[in-house]
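Working notes, beginning with the structure itself.
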Amino acid sequence: MSVRVQDLTRTFRKGKGWRPKGDQVTALDGLTLHVPEHEVHGLLGPNGAGKTTLCKILSTILLPTSGTAEVLGHDVVSGAAEIRRHVGIVFGGERGLYGKLTARQTLRYWAALHLLPDARAKERTDALLTRLGLADKADDLVETFSRGMKQRVHLARGLIGDPKLILFDEPTTGMDPVAARDFRELITELRDEGRTILITTHDMDEAEEVCDRVTLIDNGRVLATETPRGLAEMSGLHRWVEAETTLDVTGIPGVVGTETRNGLLRVKTTDDRAARAVLDFLLDNGVRSVHAVPPRLEDVYLDLIGRRGMEV
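In this note's numbering, the protein residues as written are 11 to 322.
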């Protein structure tokens, strides 16, 4: 098991620096989570749900208030040094990059922090610059890079120590669609190499595409953990059927509503059996452009949590 979290709690006091501390805030409230090896696992939830706090604890940046957390078999408190050797952290945006360093200097700097020997540091740096398409810009200042290129530097930095577990915190925020697609492909490649990936994201399509399983978190608690498809199937949400037709299907058992948009009939049904009955009826009556639409991960998210956090 790459990650084993049991009854994890983390509280804070409001107020920063010298300011008086106010009321206690609970960021994680008895959270339990298990992530197997070689899995891409998504953490989904609104802003303030506890996703980033959990990642900081797993990377040993924060200590838990209570409960236990193990990463790669090591406790985050007593085994922090060993965990840091095998965990990579990849942020979104500008955090953790130094604009006045080149891409090559950035990787050599982080290789030194990982205590890599010079020969190994050069080997890893050159290999990652090539793999992530940065070789031609290796000696340019990071501050001159586009958002997508900076994110490649982030990923290279997170991989410099050849980690077994990689924590991604909103990795594609602000990326253009092409850069985000390339980044998702890289995540899948890393999983296929035998690494474990833990990723926080607000992008439901991204989570549905790359995650083997997802965990929905709200108010520091786990609401559900499943595969994206399994979560949709167990949600109990309505199934839809779409067809180019004007036929009346309201008399079919299990149909709870219909709507027509631009000549497309959308039929809302109670479950898969009702959706199948609508499909059979339409096909039997000569309709050929017809298909069932199962609930998507975004539908489940909206059903369980609402629109909080979807604005990002």
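Even glycine gets a Cβ: it sits at the ideal position worked out from N, Cα and C. Since the structure is predicted, the reported quantities are computational estimates derived from the model, not experimental observations.
Under the rule that 16 or more other beta-carbon atoms within 10 Å means buried, what is residue i, buried or exposed?
| i | result |
| --- | --- |
| residue 147 | buried |
| residue 240 | exposed |
| residue 69 | buried |
| residue 12 | buried |
| residue 23 | exposed |
| residue 34 | exposed |
| residue 298 | exposed |
| residue 87 | exposed |
| residue 108 | exposed |
Got a sec, what are the start and stop residues for the alpha helix (DSSP H) residue i sits in?
| i | result |
| --- | --- |
| residue 63 | 61–68 |
| residue 160 | 157–169 |
| residue 96 | 90–96 |
| residue 188 | 187–202 |
| residue 129 | 128–141 |
| residue 144 | Looking at the DSSP string, residue 144 is not in any alpha helix (DSSP H), and its letter there is neither H nor E. |
| residue 308 | 307–314 |
Taking residue i and residue j to be in contact with their CB atoms under 8 angstroms, please state how far apart those CB atoms are, rounded to whole angstroms.
| i | j | result |
| --- | --- | --- |
| residue 52 | residue 231 | With 8 angstroms as the limit, residue 52 and residue 231 do not qualify as a contact, their Cβ atoms being about 17 angstroms apart. |
| residue 80 | residue 14 | 4 angstroms |
| residue 279 | residue 251 | 6 angstroms |
| residue 65 | residue 210 | 6 angstroms |
Quick one: residues in its chain with C-beta nearer than 7 angstroms to the C-beta of residue i, no 5 flanking neighbours on either side, listed in chain order?
| i | result |
| --- | --- |
| residue 282 | 249 |
| residue 285 | 249, 251, 279 and 302 |
| residue 228 | 55, 56, 59 and 315 |
| residue 200 | 176 and 207 |
Going along the chain, which residues of its own chain have a beta-carbon closer than 8 angstroms to the beta-carbon of residue i, five neighbours each way excluded?
| i | result |
| --- | --- |
| residue 114 | 135, 139, 148 and 149 |
| residue 188 | 158 |
| residue 205 | 48, 173, 174, 175 and 176 |
| residue 62 | 179 and 210 |
Leaving out five residues before and five after residue i in sequence, what residues of the same chain have Cβ atoms less than 6 angstroms from its Cβ?
| i | result |
| --- | --- |
| residue 319 | Residue confidence is low: residue 319 scores 49 on pLDDT, short of 50, so the model does not pin down where it sits. Its coordinate-derived value is still stated next. Excluding sequence neighbours, residue 319 sits near 56, 57 and 212. |
| residue 84 | 92 and 93 |
| residue 322 | The pLDDT assigned to residue 322 is 36, lower than 50, so where the model puts this residue is not dependable, and the model offers no usable value. |
How far does the beta strand (DSSP E) with residue i in it reach, from first residue to last?
| i | result |
| --- | --- |
| residue 252 | 249–253 |
| residue 41 | 34–45 |
| residue 179 | 175–179 |
| residue 77 | 76–81 |
| residue 303 | 300–303 |
| residue 277 | 274–279 |
Three-pair Cβ contact test at 8 angstroms for the segment 221–231 versus the segment 245–265 = Because the criterion of three Cβ pairs below 8 angstroms is not met, the segment 221–231 and the segment 245–265 do not touch.
query = With a cut-off of 8 angstroms, do at least 3 Cβ pairs link the segment 167–174 to the segment 110–122?
reply = Verdict: yes, contact present.
request  = Spell out a yes or no on whether the segment 95–105 and the segment 127–138 are touching, meaning 3 or more CB-CB pairs, one atom from each, closer than 8 angstroms.
outcome  = These segments do not touch.
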